[in-house]
Every structure is written in C-alpha cells, then in structure tokens.
Amino acid sequence: MVDQVQYMEASDTHMDWLLRCHTKQQQLVARQQRVLEGLRARLERKIREVELARDRDLERLGRRVQVGRVRAVGRWAGVSVAC
C-alpha cells in the first residue's frame, strides 16, 4: 500500500514536470514563430527596397544610354558619306 502511494506521488510529480516542460516548449515555439515572422517581414521589405533601387538604377542607365546614342547620332549627322 505504501509503495503504491509513493508510486502515485512519483507519477504525479513526473506528470507535473512533463506538463511544465510541454508548456515551456509551446511558449518557446510561439516565441520562435514570432521572431521568424518578423525576420520574414524584414527580409521582404529589404527585397522590395533592393528591387526598387535596381529599377531606379536601370532607369538611369537607360537614360544615359539614350543620351549617349543621341549625342553619337548628332556627331555623325553633320558628316556626309561619299559613295
């Protein structure tokens, strides 16, 4: 009888410990999930910023190329080619 009571008490103590561990694990997973969501959002913002910067740079480069072509055509416009 005494052994059974001790066994039940030990089982209850162990069950309490398991429940506390499980609760802590759930809290840790929830915290990690929030951190992960924050990092994903930050990464998405950074990607958008980089894409916008790239688009701006490509637009500027396109304008420079266009201006360079116009200048080159202007230089050659005054020259006549003899056949």
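Under my numbering, think of the first position of the sequence shown as 7, with each following residue one higher.
For each residue, glycine too, the CB sits at the ideal point set by N, CA and C.
It should be emphasised that the depicted structure is a prediction, and the values quoted were computed from it without experimental measurement.
Give the straight-line distance between the Cα atoms of residue i and residue j, rounded to the nearest whole angstrom.
| i | j | result |
| --- | --- | --- |
| residue 49 | residue 41 | 12 Å |
| residue 70 | residue 77 | 10 Å |
| residue 20 | residue 37 | 26 Å |
| residue 67 | residue 39 | 42 Å |
| residue 9 | residue 33 | 36 Å |
| residue 87 | residue 63 | Residue placement at residue 87 is flagged as unreliable, the pLDDT there being 48, under the threshold of 50; a coordinate-derived value is accordingly withheld. |
| residue 58 | residue 51 | 11 Å |
If you run the structure through DSSP and keep just helix, strand and coil, what is residue i?
| i | result |
| --- | --- |
| residue 7 | coil |
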